[in-house]
Every structure is written in structure tokens, then in C-alpha cells.
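S.K.: Can you read through this structure? Questions will come right after.
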Amino acid sequence: MKFIDTVKNIWKIDDLRKRITITLLLVLVYRFGCYVVLPGISPSEIDALRSFASGGLMQLLDMFSGGAFSQASIFALGIMPYITASIIIQLLGMF
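Below is the structure:
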């Protein structure tokens with residue numbers, strides 16, 4: 852019962868309510884974008900991509916993107932390019 856009371860109290864605080872609502876809205880937009888297929892990709896190519904991504908490194912990339920990579924969706928890459936670029940810039944900054 853204490854958990855339910857805590858959740859009720861969260862919704863009473865205006866700032867927390869706004870932050871949780873925005874976070875849930877952004878998650879909803881991202882999940883919707885994972886089902887929007889890239890323009891110009893045919894369904895037969897998506898099936899070939901799914902069979903290609905069924906093992907190895909491609910399966911790992913598909914796992915990190917939440918299954919969006921094998922569906923060829925708009926949000927397939929997620930935040931991975933930003934993280935990779937940030938790591939490379941930090942490594943190059945040492946020299």
C-alpha cells in the first residue's frame with residue numbers, strides 16, 4: 852500500500868507530474884517511430900534485412916535499437932551515433 856500512496860503523492864506535485872508526462876510522451880513518440888518504415892524500402896528488402904540480422908553483430912545492434920534496426924525504421928540507430936561520436940572526440944582530444 853505504501854507504493855500506491857507514493858504514486859498518488861507523485862501526481863499531486865505539479866513539477867513531477869509535468870516531468871513524468873513529458874517522459875511518457877517522449878517514450879510513446881519513440882515507440883511509434885520504431886514502427887514507421889524508412890521511405891523507399893521495399894518489404895522484400897526488410898525480410899532480407901531480418902534474415903541478415905538474425906545472428907552475430909547485427910543481432911546485437913538490433914537489440915540495442917529495441918528491434919527497430921530489423922524493421923528498418925526511422926529511429927533504428929537511436930542514440931548510438933551520438934555516443935560513438937562522443938567517444939571518438941574524447942579519444943582524439945587526448946592527442
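Take the position in the sequence shown, starting the count at 1, then add 851; the result is the number in the working numbering. Here a beta-carbon is modelled for each residue, glycine too, at the ideal position from N, C-alpha and C.
#1: Okay, do the stretch 923-940 and the stretch 880-896 touch, 3+ Cβ pairs below 8 Å being the bar?
#2: Given a cut-off of 9 Å, decide if Met931 and Leu912 are closer than it, judged by their beta-carbon atoms.
#3: Just confirm the distance between the C-beta atoms of Val888 and Ile897, as a whole number of angstroms; I'd bet it's less than 8 Å.
#4: Pick helix, strand or coil for Val888, following the three-state DSSP scheme.
#5: If I measure Cβ to Cβ from Leu867 and keep anything under 8 Å in the same chain, skipping five residues before and after, which residues do I get?
#6: Quick one: is Gln941 buried, meaning 16 or more other Cβ sit within 10 Å of its Cβ, or exposed?
M.R.: Result, derived from the coordinates:
#1: yes
#2: yes
#3: 7 Å
#4: strand
#5: Ile861
#6: exposed
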